[in-house]
Amino acid sequence: MDLNYTPEELAFADEVRQWVRANLSPETRDRVLHHKHLDKEEQVTWQRQLYERGWGAPLWPKEYGGTGWNSVQNYLFEEVLAEEGAPPALPFGLSMIGPVLMAFGSQRQKDYYLPRILRMDDWWCQGFSEPGSGSDLASLRMTAVLDGDHWVLNGQKTWTTLGQYANIIFLLARTDPAAKKQQGISMLIADMATPGITLRPIIMLDGEHEVNEVFFDNVRIPKENIVGEPGAGWTYAKFLLSHERTNIARIGRSKAELKRLKEIAATETVDGVPLIQNEAFRKKIAAVEIELMALELTNLRMIAAERSGHAPGAEANMLKIRGSEIQQSLTELMMEAVGPYALPFNPAAREPGWSGEPIGPEYAAPLASDYFNFRKTTIYGGSNEIQRNILAKSVLKL
């Protein structure tokens, strides 16, 4: 395999880099690079800038507003955006429900929702997990009963990421309680302003309001809001989760974080010597860098296969496992690098406009919050233990 980029590919990356530097708000870039929080408007503004440039959904087919780029261009695009501190793309519309609608949605759904996803006219959230139905998603209990021209939804969803910003949700509900548990599930779309929907925040270990509980009490949605065929939701969910797990790998972001780790290690000293020159710590950095390089190559192979029309398979599970573990390792090494300055836990330091007295170097302030927050990466999208079971069955053809 030739790992060298062609002159044309390098020129493409430079074009993207120059455009990002000319269009990304310096304030937004600073907040991303320093692990501070973005508000809703910053996320929407950046997606619309990408859309206006024609780069709103690089991985989508050209007929739906995609770029038509090849796998290398897509990869370089994501890498440059991560290096330059662009806001990470929100996956719920672009990487999750968007591909499902292209593959299984009605023409009306494609015509209406896909352009709105590109422009981010809608902020989507995901209604899959329930109390007691996370990794064993097929055990979900939420129901959808057809009543004339409406589905009536009853039940509860949990861990609904950024649901407090969302105006629309895609969800799984049981439409045929008599069928086997995987066969009685359907995928539906609901407006979050529909009467009977109640959202309650869940405050996480890092003190942040990132996820929510969502309750559905006799919520009536139009009959046409079902995606595809009744009872086929489990098939659509597996298709969607393969895209979600690929996105969880976050390779470009991890490469940017690895660079940040090396910068911190070059700044911090032990007995007057930069930490990056400490043999034991260098070995830790090298170990995670090797893992990240291997993951990157696996990802490139999978992207190339997708461009040839092959849906992600067990490779997506592999990317999810190793990608999430690498993200955790990077947060752990950053904590170790700054030593006692990583111990103060001050979530307020991540908010825009905070002007308090820093404890230690500025880059130390968000590290404890990041460490706590990234404990979730090996759980969401299907816990890594479940992913390893899936991989084992795939290899053994069980």
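Numbering (our numbering), first residue to last: 5 to 402. Using N, Cα and C, we set each Cβ at its ideal position, and we do this for glycine too. Since the structure is predicted, the reported quantities are computational estimates derived from the model, not experimental observations.
Straight-line Cα distance separating residue j from residue i
i, j, result
"G97", "E293", "31 Å"
"W155", "L94", "28 Å"
"G386", "G60", "27 Å"
"M208", "Q47", "21 Å"
"I193", "L279", "51 Å"
"I390", "S139", "7 Å"
"A197", "V218", "12 Å"
"P30", "A170", "26 Å"
"V24", "E87", "10 Å"
"A298", "S328", "14 Å"
"D221", "A142", "21 Å"
"L63", "M146", "32 Å"
"M106", "G237", "15 Å"
"I225", "S258", "40 Å"
"I201", "L150", "18 Å"
"P234", "D18", "47 Å"
"L337", "Y116", "45 Å"
"T382", "F349", "22 Å"
"G69", "M306", "22 Å"
"V399", "F174", "32 Å"
"L351", "T179", "In the sequence as presented, Leu is not what sits at residue 351; that position holds Pro. If I take the Cα positions, the gap works out to 42 Å."
"P199", "E272", "54 Å"
"N377", "S190", "31 Å"
"Q53", "V274", "44 Å"
"G188", "A346", "48 Å"
Distance cut-off 7 Å: residue i Cβ against heavy atoms of the ligand MN
i, result
"D126", "Here there are no bound small molecules, and the ligand MN is not part of this structure."
Where residue i falls: helix, strand or coil (DSSP)
i, result
"A23", "Rather than Ala, the amino acid found at residue 23 in this sequence is Trp. Of the three classes helix, strand and coil, the one that applies to W23 here is helix, per DSSP."
"D18", "helix"
"F243", "helix"
"M5", "With a pLDDT of 45 at M5, under the threshold of 50, the predicted position of this residue should be treated as unreliable, and no value is reported."
"T302", "helix"
"L296", "helix"
"S387", "coil"
"M191", "strand"
"Q160", "strand"
"T10", "coil"
"W127", "coil"
"A170", "coil"
"D221", "strand"
"K216", "Rather than Lys, the amino acid found at residue 216 in this sequence is Asn. In the structure shown, N216 sits in a strand (DSSP, three-state: E or B)."
"S137", "strand"
"W358", "coil"
"L98", "helix"
"L176", "strand"
"P62", "coil"
"P91", "coil"
"P351", "helix"
Burial state of residue i, where buried means 16 or more other Cβ atoms lie within 10 Å
i, result
"D210", "buried"
"Q111", "exposed"
"P65", "exposed"
"D34", "exposed"
"R204", "exposed"
"K324", "buried"
"P181", "exposed"
"D153", "exposed"
"L122", "buried"
"M5", "The predicted model places M5 with a pLDDT of 45, which falls under 50 and marks its position as unreliable, so this point remains unresolved."
First through last residue of the alpha helix (DSSP H) which encompasses residue i
i, result
"Q332", "318-342"
"A269", "255-271"
"P119", "111-123"
"A86", "75-87"
"F108", "102-108"
"Y44", "Note on residue identity: the sequence assigns Lys, not Tyr, to residue 44. Note, K44: alpha helix (DSSP H), 44-57."
"E31", "30-37"
Range covered by the beta strand (DSSP E) that runs through residue i
i, result
"G232", "Here G232 belongs to no beta strand (DSSP E), and DSSP marks it neither H nor E."
"D374", "Here D374 belongs to no beta strand (DSSP E); instead the alpha helix (DSSP H) covers 371-377."
"A182", "No beta strand (DSSP E) holds A182; DSSP gives it neither H nor E."
"R202", "Residue identity check: residue 202 is Thr in the sequence provided, not Arg. Segment 201-207, the beta strand (DSSP E) holding T202."
"L150", "147-151"
Worksheet item: Contact between the stretch 334-341 and the stretch 266-285: three or more CB pairs below 8 Å?
Response: yes
Worksheet entry | At least three beta-carbon pairs within less than 8 Å, the stretch 162-172 to the stretch 128-146 | yes
Worksheet item: Counting pairs of Cβ atoms below 8 Å between the stretch 9-21 and the stretch 80-90, do you hit three or more?
Response: yes
Worksheet item: Counting pairs of Cβ atoms below 8 Å between the stretch 39-59 and the stretch 352-371, do you hit three or more?
Response: yes
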